[in-house]
Amino acid sequence: MTSKSNNKKVPVSESEFRVLKKAESIGWKGPSSIEEASRLLKEPRSSLESIFRLLRDKGLARVRERTRLKPVLTERGLEALEKGLPEEHLIRLLGRAGGALSLREVKERLGKLAGVAIGQAVKSGLIRVSEGRVELVKPLEEALNHVEKLRDVLKAIQRGESIEPPQEVVKRGLVRLEREKETIVELVSEPSVLLGKVSLEVARLTHELLKSGGWRGVVLRSYNIKAEPPKVYPARIHFLTEFIEMLRDIMKEMGFKEAKGPLVEAELFNFDLLFQPQDHPAREIHDTLRVEQKYSLPGISREPELLNRVAEVHRRGWGYEWDPRISLRLVLRSQTTAVSARVLVQRPRPPIRVFTIGRVFRSDVVDATHLPEFHQLDGIEGDYDYTFRDLLGTLQEISSRLGFRVKFKPAYFPFTEPSVEGYVQLPNGRWIELFGAGMMRPEVLEMAGVDYPVGAWGFGIERLAAAYYGLPDIRLLYTRDLRRIWESKKR
Amino acid sequence: MPVLKFQLDYLLNRIGVHDAELLRDILFRLKCETDILEDGQIEVEVNPDRPDMYSVEGIRRAVLGLLGREKGWRTPRLSGTGLNLSAEKVETRPYILAAVVYNVNIEDEEDLKYIIQFQEKLHDTIGRRRRKIAIGFHDLEKLPGKRIEYKYLPVASTEFIPLGGDTPSSAAEILEETEQGVKYGRISLGEEGKHPFLLADGEVIAMPPVINSNITRVEVGTRHLFIDVTGTDLSTVSKVLDIIVSNLAERPDASVGTLYVDTPYYRGLSPRLETRKMTLSAEYASKALGYYTTPQTLAHLLETMRYKIDSILPHGVRVIVPPYRADIIGEIDLVEDVAIAIGYDALYPRYRVIPTRGSYLTSTEIARSVRILMVGLGFTEVLQLVLTSPTLLTLMGLDYVRVENPVQQEYSVLRPSLVPGLLSVLRENQHVSKPVKVFEIGDTITPVDGTISENMKLAAAVMDVEVSMELIQAPIYTLLRILDIPFEVETVCPAPYAIKGRCGSLKTPDGSDLGFFGEIHPSVLERLGIEYPVAFAELNLEAISSWKSRTRNLE
């Protein structure tokens, strides 16, 4: 109902509404020049003109242009304003002299101004010249008053007021008339009548309008729906975290229990329990990062039975004397399989399904495809009747939950046999290695003290995440540029 | 991983397979990734468990087996050579064995290149860059005599012409002046300036593991090879010699010549070409693979993997493991070869639903809750590395654990706190509209009384044109209240980089540290080039996690 009645009314903006209100309060309707309207309505001239044009477009005002003659002070006029009119000097001179002086004396005192001064004063009927004498014919006050009026005219012209100047000032060359375009504005009817026809249009619905009920009397202006809003960024979870959490979800959904282990790890878990001989190239100083050896790891297992089994299996398998001191050296773990080793030495009761996600470290020089540390996902599962074929099935299932069809390739890892690598094809056609996997070697199980088969695998997360997000450089995953995080796209 | 390079045409010809894609498929099934280069070469990445595949002959043998064209391996013809090898006690490199392969017939430069490639890949992998094993190839016909001796001699007084040289020099000079001398000269040099040497009738033919003498130089046209292998582990020395001899003996007219070896540790013929008999039970194989096998199928599959069948038993198969297979430790290794022969895809992977219940660690659950709350409080998550530069940490007055062998200074220490990383991020984002609010959840490593303490922490920071501590206190207090962690505030400030009087710490009612908060000292901001004030907080999520589990247990 309200909206219907509003429809009949003419919507006006807040500024248009304000002008109509002011016009009403001073009873102005026009026509006036825009300058005059600006003065009367106390609105800046620049915006007032556009307001009137908008009012005209809505049929509420008329705007036209006319040419008029505008008075402008000449140089002489300016000089007269500054120094006084010549006849003013004469009148004051005569006044001081008691009303009359000889013509000779006047010429002496006023110099070259004398002629003009006498001529003007005579014309205006202020003095009389006879028998060589110049004489005031009006009282001094009245004479000065006459001059003052002329000065007021000049001052008004100097201020730019559009007055009709007296002929006299034009003829005397004090004022010149210039042609000028002028905008004339006028309301089509009395402002009070117009206000009855319009309704205020507002840009924003406000608390004030709602509280006062004023919203009923206003129209909400339509937006330019296609205009681009300013950019805003949400606080966000990092996209690499989102990817890692997605992997966690997959593992949990498949029934895996999460585990974790330390980043600074004893070689025992990182290598020895994984059947890597102590002279294995991966354990050399240029392949694995070590921490200063002055530290020890709290709570490291020195269970003699475990160490004896490790010594025995290494001696039998690789034919060398195993050194327990090397196994206690601290490294930055190079594989999260160290966590799987920690899990296995606990000899959990089967069936087991355990996963871990964490950082691992490598002696790599940083470039577009290498970071000195990255995340790995490691998983193990095992049971008395668990087989390699089951492992391949689980790997296929994880891959398919990630959206990939996996291709299996026989592979080599020191701690698994049979070993396998999974390759997947990216949408761009490139094949990347998704995981390394295999059945834990009997030697590994024997060292841990586990008596059922165990399948194990590890995924490198960063390269996969970079491919997933279409990043050309793996370093962009650890960007310091917040906009990259704010603007990263969901996949 | 060793990557071998061959001219593709040459390799195809030598193998007798004329389809590059077929070759690549077969090699893929044999664990090898391949890459065909633009200049017509093929790169073959061989896994370090198969050093026998570092040469053309080894690749050929494995490929033809899997293709079903050949079975077992070719037992080389053996004959005597009249050569004798004696060894004295060489402390730094005790073991040596040697062999002759007749009719190797090095045809061209390409052929020579691949023989040297074979040698170098063995050096780099199983040889542990010549420390464990080193190989010498000599032209048999250039040997000065039949009396071969392995001796430990002073480098100052032993002279020979190094490979590629033309005048004799002292071994001491060769160690200092040749590229190989500089690279490998220290491996077996004894304290008294003695080094192992190989001599033929008293003349030096090699200084293992550094360099050979030029007089026995192998070149295009060389017909027969004399091969020495020295090292620090006898069984590896023997295995490497077996691999080389087995591979070279695969050449069309080749045969093997034996030496009589008389050494402190071994007396007998060399090469030993050791084979082993192993039994694989069909039940074991079937259980390991989840794939039904019989003794007959196992025998067939293992023959394609080039084992010889000793006998087929009622419950399994007895095979002879070729002398060149270094990787067969136990029955499970035969199982893998069975799987490869079947083809992994042909094993029909099956996903078995195991009735286990999935779960997250408490720390994961807490990290997830905290992450979502922090985002809700307007903070954006960033991720930084654990490895970091010591400069910033030192500037902030933090103690940290160093990496003993860093690759780059930038990544040479372990972060004890997440706050420095947040400051590094803020520094790079001074141009974005303020306030900038960031947080990180991650592992930190702190040295504590000679041990290493790892903790998962949360750090948050606010950077604005002006900041007050409330900007960080308010969200952190809210976070702790939502997590239902009661806390007490103390004026103690454990952060040396905070402004005094504008920093406080948080404790649980039973006194364990929860974390701290404050404003970063302007001197730190100035040194970092951050022109806006920053308020920060760091919480120990392990402490929150353990409070949670403590109180949960009480209920």
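Protein chains in written order, with my numbering: chain A, 1 to 491; chain B, 1 to 555.
Even for Gly, the Cβ is constructed at its ideal location relative to N, Cα and C.
For chain A, find out if any of its Cβ atoms is closer than 8 Å to the Cβ of residue i; answer yes or no.
i               : result
L409 of chain B : According to the sequence displayed, residue 409 of chain B carries Gln and not Leu. False, the Cβ-Cβ gap to chain A never drops below 8 Å.
G378 of chain B : yes
A339 of chain B : yes
V382 of chain B : yes
E428 of chain B : yes
R69 of chain B  : no
N212 of chain B : no
N247 of chain B : no
P209 of chain B : no
L4 of chain B   : no
N540 of chain B : no
E38 of chain B  : no
For residue i, which of helix, strand or coil comes out of DSSP?
i               : result
N105 of chain B : coil
N247 of chain B : helix
E177 of chain B : helix
W431 of chain A : strand
A266 of chain A : strand
V169 of chain A : helix
T369 of chain A : coil
G421 of chain B : helix
Q80 of chain B  : The sequence given here has Gly at residue 80 of chain B, not Gln. Strand.
M305 of chain B : coil
W322 of chain A : coil
T2 of chain A   : Confidence in T2 of chain A is poor, its pLDDT being 43 and thus under 50, which makes the residue's placement unreliable; the coordinate value appears in the next sentence. In this structure, T2 of chain A counts as helix in the three-state DSSP scheme.
H224 of chain B : coil
N214 of chain B : helix
N540 of chain B : strand
L471 of chain A : coil
R290 of chain A : strand
T263 of chain B : coil
Q384 of chain B : coil
Of all Cβ atoms in chain B, is any one closer than 8 Å to the Cβ of residue i?
i               : result
E462 of chain A : no
M447 of chain A : no
I285 of chain A : yes
W486 of chain A : yes
L377 of chain A : no
I237 of chain A : yes
D383 of chain A : yes
V366 of chain A : yes
K257 of chain A : yes
Can you give the beta carbon distance from residue i to residue j, rounded, assuming they're within the 8 Å contact cut?
i               : j               : result
M396 of chain B : V534 of chain B : About 12 Å separates the two Cβ atoms, so there is no contact after all.
P76 of chain B  : V321 of chain B : Not quite, the Cβ-Cβ distance comes to about 16 Å (not below 8 Å), so this is no contact.
S417 of chain B : L398 of chain B : 6 Å
K252 of chain A : R353 of chain A : That pair is no contact at about 10 Å.
Per DSSP, which residues does residue i bridge with? Please list them.
i               : result
L273 of chain A : Bridge partners of L273 of chain A: none, in fact.
Q473 of chain B : Paired residue(s): none; Q473 of chain B is not in a bridge.
T67 of chain A  : A:K181
H195 of chain B : B:L153
E421 of chain A : A:K409 and A:G436
Q376 of chain A : A:G358 and A:G460
C503 of chain B : B:G518
P162 of chain B : B:S213
G316 of chain B : B:S281
Quiz prompt | Validate contact between the stretch 462-473 of chain B and the stretch 426-438 of chain B using beta carbons, cut 8 Å, 3 pairs | solution = Touching, per the Cβ criterion.
Quiz item: Is it true that the stretch 269-288 of chain A meets the stretch 438-452 of chain A, where meeting means three or more beta-carbon pairs spaced less than 8 Å apart?
Solution: Yes: at least three Cβ pairs fall under 8 Å.
Quiz item: Three or more beta-carbon pairs under 8 Å between the stretch 214-221 of chain B and the stretch 138-146 of chain B, yes or no?
Solution: Segments in contact, yes.
Self-check item: Contact the stretch 199-211 of chain A vs the stretch 219-239 of chain A: 3+ CB pairs below 8 Å
Solution: Yes, the stretch 199-211 of chain A touches the stretch 219-239 of chain A.
Quiz item: Using 8 Å as the threshold, is the stretch 287-301 of chain B in touch with the stretch 102-112 of chain B, meaning 3 or more CB pairs across them?
Solution: At 8 Å Cβ cutoff, the stretches do not touch.
Quiz item: So, do the stretch 367-385 of chain B and the stretch 470-479 of chain B have three or more beta carbon pairs nearer to each other than 8 Å?
Solution: In this structure the stretch 367-385 of chain B touches the stretch 470-479 of chain B; the number of beta carbon pairs closer than 8 Å is three or more.
Quiz item: Using 8 Å as the Cβ pair cut-off and three pairs as the minimum, do the stretch 8-27 of chain A and the stretch 39-47 of chain A touch?
Solution: In short, these stretches touch, since the Cβ pair count reaches three.
Exercise. Could you say if the stretch 46-65 of chain A and the stretch 136-148 of chain A meet the contact criterion of at least three C-beta pairs nearer than 8 Å?
Key: Taking one beta carbon from each stretch, the stretch 46-65 of chain A and the stretch 136-148 of chain A have fewer than 3 pairs nearer than 8 Å; the two do not touch.
Exercise. Examine the Cβ distances between the stretch 53-68 of chain B and the stretch 244-251 of chain B and report whether three or more of them are shorter than 8 Å.
Key: Result yes; three or more Cβ-Cβ pairs closer than 8 Å.
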